[in-house]
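Protein chains in written order, with this note's numbering: chain A, 1 to 432; chain B, 1 to 338. Just so it is clear, CB atoms sit at the ideal spot from N, CA and C, and this is done for glycine as well. See below for the structure under consideration.
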Amino acid sequence: MADTQNNSVAFVATEVIPESPPPARETGVVKWMRENLFSSIPNGILTILSLYVIYLVLAAILPWIFNGVWTTSSLAECREVLQGKTGACFSVLTERWNQLIYGFKYPVEEYWRPNLAFVLLLVAIAPVLFFDLPRKLLMFTAVYPFVAFWLIWGGTIMAPIVAFLGVAAGGIVFQKFGKSTFAVGFFGGILAAFVVWAIGGALIPEGASENALLPAVPSRDLGGFMLNLMLGVTCVSLSIPLGIALALGRQSDMPLIKGICVVFIEFVRGVPLITLLFVASVMLAYFFPPDSTVDLFLRVVIMITMFSAAYIAEVIRGGLAALPKGQYEAADSLGLDYPQAMRLIILPQALKISIPGIVNVAVGLFKDTTLVSVISMFDLVGMIRGPVLASTEWNGVYWELLGFAAFLFFVVCYGISQYSQWLERRLATGHK
Amino acid sequence: MKKSVVFGALTVAGLAAGAAAAGTLDDVKARGKLNCGVTTGLVGFAAPDANGEWKGFDVGVCRAVAGAVLGDPTAVEFVPTTGKTRFTALASGEIDMLARNTTWTFSRDVDLKFTFVGVNYYDGQGFMVPKELGVSSAKELDGATVCIQTGTTTELNLADFFRSNNISYEPVPIETNAEAQQQYLAGACDVYTTDASGLAATRATFEDPSAHVLLPEIISKEPLGPLVRHGDDNWGDVVRWSLNALITAEELGVTSANIAEMAAGTNNPEVNRLLGSEGTLGEMLGLSADWAKNAIMAGGNYGELFEGNIGEATPIGLARGLNAQWTDGGLIYSPPFR
Chain A
1 MADTQNNSVA FVATEVIPES PPPARETGVV KWMRENLFSS IPNGILTILS
51 LYVIYLVLAA ILPWIFNGVW TTSSLAECRE VLQGKTGACF SVLTERWNQL
101 IYGFKYPVEE YWRPNLAFVL LLVAIAPVLF FDLPRKLLMF TAVYPFVAFW
151 LIWGGTIMAP IVAFLGVAAG GIVFQKFGKS TFAVGFFGGI LAAFVVWAIG
201 GALIPEGASE NALLPAVPSR DLGGFMLNLM LGVTCVSLSI PLGIALALGR
251 QSDMPLIKGI CVVFIEFVRG VPLITLLFVA SVMLAYFFPP DSTVDLFLRV
301 VIMITMFSAA YIAEVIRGGL AALPKGQYEA ADSLGLDYPQ AMRLIILPQA
351 LKISIPGIVN VAVGLFKDTT LVSVISMFDL VGMIRGPVLA STEWNGVYWE
401 LLGFAAFLFF VVCYGISQYS QWLERRLATG HK
Chain B
1 MKKSVVFGAL TVAGLAAGAA AAGTLDDVKA RGKLNCGVTT GLVGFAAPDA
51 NGEWKGFDVG VCRAVAGAVL GDPTAVEFVP TTGKTRFTAL ASGEIDMLAR
101 NTTWTFSRDV DLKFTFVGVN YYDGQGFMVP KELGVSSAKE LDGATVCIQT
151 GTTTELNLAD FFRSNNISYE PVPIETNAEA QQQYLAGACD VYTTDASGLA
201 ATRATFEDPS AHVLLPEIIS KEPLGPLVRH GDDNWGDVVR WSLNALITAE
251 ELGVTSANIA EMAAGTNNPE VNRLLGSEGT LGEMLGLSAD WAKNAIMAGG
301 NYGELFEGNI GEATPIGLAR GLNAQWTDGG LIYSPPFR
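What follows is the structure, given as structure tokens:
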């Protein structure tokens, strides 16, 4: 029996058959294509059709882009260079670049100011968006609005300093009294801020802006994509807190507060944004004497903020309604008062649910900032429709300009959307 | 008590507005700047160039008025207005005058309470067709498809024209000039109709402008001119005669090139009165004696403004046509400086 191993039966293989490659149709690209593109005859036909359509689109667009002319100084010259070939006239973007980004009146030698403000914006917004960053950075975020105001509008440095001191005084008062009685802290804070502003405003000497470190730039001179970004950032950051307040107010048991919030939300939501903008730019001028009127930029910011705050309030109300009643009761049973319950228990959950809705409103709001072009503010679209297309050199260039505008807006809106998806993943706690 | 507060506030606001409206000329002088309403951008008439400087035919009128009143053609704050905001901007006092290719009509003059001080461009609705269509008159357009902007007077004028000539057409409604341009070039319509100056500007942007012709028929009257608020005749006079000074200067052969020489005095008394070396016309308006000289030096006389911004040497290439001096068979005519 000892030789059973050696005297194996002739037809039994003694060694392992070497691995052979998998069949060609079950591996690599071929397998992927069989499974995803040609899994059945109808799918195969659809694939071929789609490839043909993609080819058609690219065949039309790619030569247009790659033949593009970048250096001429008018549309006629573009056509001369192209000699009848297909090709884009991107020269309009290079020649009018500054106008498209900053508007046509912002002083050229001051372009570094909005640039710096933009870079600082990224620094200031980072700790708000990514809460893994050190919390101390938030101190810069608190100062940033005043720095940005000073950089972009220029003028006397006293104005933003007084504004900042007012807000700081309000914050201190709120910290001191808000712990014991919320109302005292809240209204006391507002009062303190106004007192500081009034005293500070009286202290700023007349004509301080005349020979300030940074020359003053009036709001009318702002324009281009800078204006869209400024309106977008300001209005989104103002309308989220306002929207939260409105949503909570609408849920309140106090009839006066509830009434005000409901009327505000329903009224603003029932009116088109463009109507509000017309009111801001045209109607309000009737109510102020000539030469003394509220800044147009501020009027527009107020209107857009009101508009988006009403929408965000409804989104957040949805989030609040989605919370089980037990959460409210749990907060009460812990002995938390209303501000504490909201801050610690309710809002963190409700806001998390509301993220997609809030982002939706924010993206919409950012795109809506182009509506200011109808009240003769020269945002990116206003610049394109007005001055650039009305110049004798560039009249007739549409695809390049509007494509550029679409590209800029896409970059920003896609960025916002990606961030919100990251935020949802980051905040996912597993229980639905 | 609340009511009285509201009424009080209204009265104060009314008084303030009234006080401001009473002396626009003084306001402008005190401010040192003329607030002039222009369009947000119309080829040849008003648009900022690559350096942000406003240029154009309407802009020239603003600069002339600023020259006449303040002696400095750059002392203008251009306030861009859209078709929707222009009248409220003027009525509310945000701007001192409006030079924004605005058609002088009865209701704007009477009902909206504005004063049109003159006409700086006689426009009218025209037709553009591709040359290969072989059409030489709008009356041959029976059965044509016409690109037309909806909701404008051009739409009504078109219907009237075709009905009175007993021919039919098929409208292709479009929203903006940009859209019209694309539709027309793509062959969606045989004819494009809008104001003749707009047609010329549009044609100038085509790859091959010579393949399209403007038909000779002009089917509506669109006199475009600067306007001011009702109720301040003194200011209206200033704007009116600044415009007239430009027109008269062309008629008398005063150009920005020879004005310095002529201002020293010539043997033509009307030139002398115009340029202030004789008479007291400036004083009567409440301006300096060389007001008209400053107005003309701002951008040249009427003809120079026309040729420099929209004339045949520019890409827009408008012929003088109706806008020639009356001595050349046009309608441009200024009352005498006397």
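How about Gly187 of chain B: is its C-beta nearer than 8 Å to some C-beta of chain A?
Looking up residue 187 of chain B in the second sequence gives position 187. So no, Gly187 of chain B is outside the interface.
Using a Cβ-Cβ distance under 8 Å, would Glu110 of chain A count as near chain B?
Here the question's residue 110 of chain A lines up with position 110 in the first sequence. No - not a single Cβ of chain B is within 8 Å of the one on Glu110 of chain A.
Considering only residues of the segment 124 to 185 of chain A, which uninterrupted alpha helix (DSSP H) runs meet the minimum length of 4 residues and lie entirely inside it, listed in chain order?
Those alpha helix (DSSP H) runs which fall completely within the segment 124 to 185 of chain A and span 4+ residues are 138 to 153 and 158 to 178.
Say whether chain B places a C-beta atom closer than 8 Å to the C-beta of Ser376 of chain A.
Translated into positions along the first sequence, residue 376 of chain A becomes position 376. At least one chain B Cβ lies under 8 Å of Ser376 of chain A.
Relative to the alpha-carbon of Pro107 of chain A, which residue among A:Glu15, A:Trp422, A:Leu214 and A:Glu80 has its alpha-carbon at the smallest distance?
The residue you call residue 107 of chain A lines up with position 107 of the first sequence. Comparing Cα-Cα distances from Pro107 of chain A to each of A:Glu15, A:Trp422, A:Leu214 and A:Glu80, the minimum goes to A:Leu214.
What would DSSP say about Tyr398 of chain A, mapped onto helix, strand or coil?
For the purposes of this step, residue 398 of chain A is taken as residue 398 along the first sequence, with counting starting at 1. Coil, per DSSP.
When you compare the CB positions of Ala375 of chain B and Ala245 of chain B, do they come within less than 8 Å of one another, or not?
In this structure chain B extends from 1 to 338, so residue 375 of chain B is not present and cannot be described.
To the nearest angstrom, report how far apart Thr327 of chain B and Ser334 of chain B are at their CA atoms.
Walking along the second sequence from the start, residue 327 of chain B turns up at place 327. Walking along the second sequence from the start, residue 334 of chain B turns up at place 334. Rounded to the nearest angstrom, the two C-alpha atoms are 11 Å apart.
Just how far apart, CA to CA, sit Leu138 of chain A and Val196 of chain A?
Reading the first sequence from its first residue, position 138 is the one you call residue 138 of chain A. Reading the first sequence from its first residue, position 196 is the one you call residue 196 of chain A. Distance between the alpha carbons of Leu138 of chain A and Val196 of chain A is about 23 Å.
Under 8 Å, do Ile125 of chain A and Gly243 of chain A count as touching if we go by C-beta distance?
Taking the first sequence and counting its residues from 1, the one referred to as residue 125 of chain A is at position 125. Taking the first sequence and counting its residues from 1, the one referred to as residue 243 of chain A is at position 243. Their beta carbons are not under 8 Å apart, which means Ile125 of chain A does not touch Gly243 of chain A by this criterion.
Does the segment 108 to 122 of chain B touch the segment 144 to 152 of chain B, meaning 3 or more C-beta pairs lie closer than 8 Å?
Segments in contact, no.
Between the beta-carbon of Gly200 of chain A and the beta-carbon of Gly170 of chain A, is there less than 8 Å?
Counting from 1 along the first sequence, the entry for residue 200 of chain A is found at position 200. Counting from 1 along the first sequence, the entry for residue 170 of chain A is found at position 170. Result no, Cβ atoms of Gly200 of chain A and Gly170 of chain A do not sit closer than 8 Å.
Since Glu207 of chain B meets chain A, which of its residues come closer than 7 Å, beta carbon to beta carbon?
For the purposes of this step, residue 207 of chain B is identified with residue 207 of the second sequence, where counting begins at 1. Under the 7 Å cutoff, chain A gives Arg79.
Which of the residues in the segment 43 to 64 of chain B, read from start to end, lie with their CB under 7 Å from any CB of chain A?
If the cut-off is 7 Å between Cβ atoms, the segment 43 to 64 of chain B has Val43, Gly44, Ala47, Pro48, Asp49, Ala50 and Gly52 near chain A.
Helix, strand or coil for Met254 of chain A per DSSP?
Stepping through the first sequence from its first residue, residue 254 of chain A is reached at position 254. If DSSP states are grouped into helix, strand and coil, Met254 of chain A belongs with coil.
In terms of alpha-carbon separation, which member of B:Gln125, B:Asp96 and B:Met128 lies closest to Thr115 of chain B?
Here the question's residue 115 of chain B lines up with position 115 in the second sequence. The shortest C-alpha separation from Thr115 of chain B is found at B:Asp96.
What is the DSSP secondary structure of Arg320 of chain B, reduced to helix, strand or coil?
Locating residue 320 of chain B in the second sequence gives position 320, counting from the first residue. Three-state DSSP puts Arg320 of chain B in coil, outside helix and strand.
Quick one: is Glu314 of chain A buried, meaning 16 or more other Cβ sit within 10 Å of its Cβ, or exposed?
For the purposes of this step, residue 314 of chain A is identified with residue 314 of the first sequence, where counting begins at 1. With 16 or more other Cβ atoms within 10 Å, it is buried.
Determine the extent of the beta strand (DSSP E) in which Gln325 of chain B is found, giving its start and end residues.
On the second sequence, position 325 is the one that residue 325 of chain B refers to. First-last for Gln325 of chain B: undefined, no H or E at that position.
Using a Cβ-Cβ cut-off of 8 Å, state whether Ser210 of chain B counts as contacting chain A.
Working through the second sequence from its first residue, we reach residue 210 of chain B at position 210. Chain A contact via Cβ: absent.
Just to confirm my understanding: we take Gly270 of chain A, look at its own chain, exclude 5 residues before and 5 after, and list those with CB closer than 8 Å. What are they?
Here residue 270 of chain A refers to the residue found at position 270 when the first sequence is read from its first residue. Here the set comprises nothing.
Would you give the residue range spanned by the beta strand (DSSP E) that Ile218 of chain B belongs to?
Walking along the second sequence from the start, residue 218 of chain B turns up at place 218. Taken as a continuous stretch (DSSP letters only), Ile218 of chain B belongs to no beta strand (DSSP E), as it is neither H nor E.
Who are the neighbours of Arg470 of chain A on chain B, taking C-beta pairs under 7 Å?
This structure does not reach residue 470 of chain A, given that chain A is present from 1 up to 432, and the question cannot be answered.
For Ile310 of chain B versus Ala249 of chain B, is the C-beta spacing smaller than 8 Å?
The residue given as residue 310 of chain B occupies position 310 in the second sequence. The residue given as residue 249 of chain B occupies position 249 in the second sequence. Going by C-beta atoms, Ile310 of chain B is not nearer than 8 Å to Ala249 of chain B.
With a cut-off of 8 Å on the beta carbons, I'd call Gly342 of chain B and Gly300 of chain B a contact; round off their distance for me.
Nothing in the structure corresponds to residue 342 of chain B, since chain B is present only between 1 and 338.
Judging by CA-CA distance, which residue of B:Cys62, B:Arg203 and B:Asn35 is the nearest neighbour of Arg220 of chain A?
Reading the first sequence from its first residue, position 220 is the one you call residue 220 of chain A. Nearest option by C-alpha distance: B:Asn35.
Determine the chain B residues that contact Ser91 of chain A at a beta-carbon separation under 8 Å, and present them in chain order.
Here residue 91 of chain A corresponds to residue number 91 of the first sequence, with the count starting at 1. Result: empty, since nearest Cβ-Cβ is about 11 Å, beyond 8 Å.
Check this for me: beta carbons of Leu246 of chain A and Cys261 of chain A, under 8 Å apart or not?
Numbered from its first residue, the first sequence carries residue 246 of chain A at position 246. Numbered from its first residue, the first sequence carries residue 261 of chain A at position 261. Yes, Cβ-Cβ distance for Leu246 of chain A and Cys261 of chain A is below 8 Å.
Helix, strand or coil, according to DSSP, for Ala9 of chain B in the structure here?
On the second sequence, residue 9 of chain B is found 9 positions in, with the first residue counted as 1. Its pLDDT being 45, under 50, Ala9 of chain B is placed unreliably in this model, and the coordinates cannot settle the point.
Tell me, please, which residues DSSP counts as bridged to Pro80 of chain B.
Locating residue 80 of chain B in the second sequence gives position 80, where the first residue counts as 1. Per DSSP, B:Val38.
Taking 8 Å as the CB-CB limit, is Thr280 of chain B close to chain A?
Locating residue 280 of chain B in the second sequence gives position 280, where the first residue counts as 1. False, the Cβ-Cβ gap to chain A never drops below 8 Å.
Since Cys147 of chain B is in the beta strand (DSSP E), which residue starts that stretch and which ends it?
On the second sequence, residue 147 of chain B is found 147 positions in, with the first residue counted as 1. Unbroken beta strand (DSSP E) run through Cys147 of chain B: Ala144 to Gln149.
Between which two residues does the alpha helix (DSSP H) carrying Leu227 of chain B extend?
Indexing the second sequence from 1 puts residue 227 of chain B at position 227. Leu227 of chain B -> not in any alpha helix (DSSP H); beta strand (DSSP E) instead, spanning Leu227 to Arg229.
Roughly how many angstroms separate the alpha carbons of Tyr338 of chain A and Tyr328 of chain A, rounded to a whole number?
Position 338 of the first sequence holds residue 338 of chain A. Position 328 of the first sequence holds residue 328 of chain A. Taking the straight line from one Cα to the other gives about 10 Å.
Can you find the residues in the same chain that come closer than 8 Å, C-beta to C-beta, to Cys235 of chain A, ignoring five residues on each side of it along the sequence?
For the purposes of this step, residue 235 of chain A is taken as the residue at position 235 of the first sequence. The answer, listed in chain order, is Val301, Ile304, Thr305, Ser308, Leu365 and Thr369.
Return helix, strand or coil for Arg425 of chain A, following the three-state DSSP convention.
To locate residue 425 of chain A, count along the first sequence from 1; it is residue 425. Arg425 of chain A falls in the helix class under three-state DSSP.
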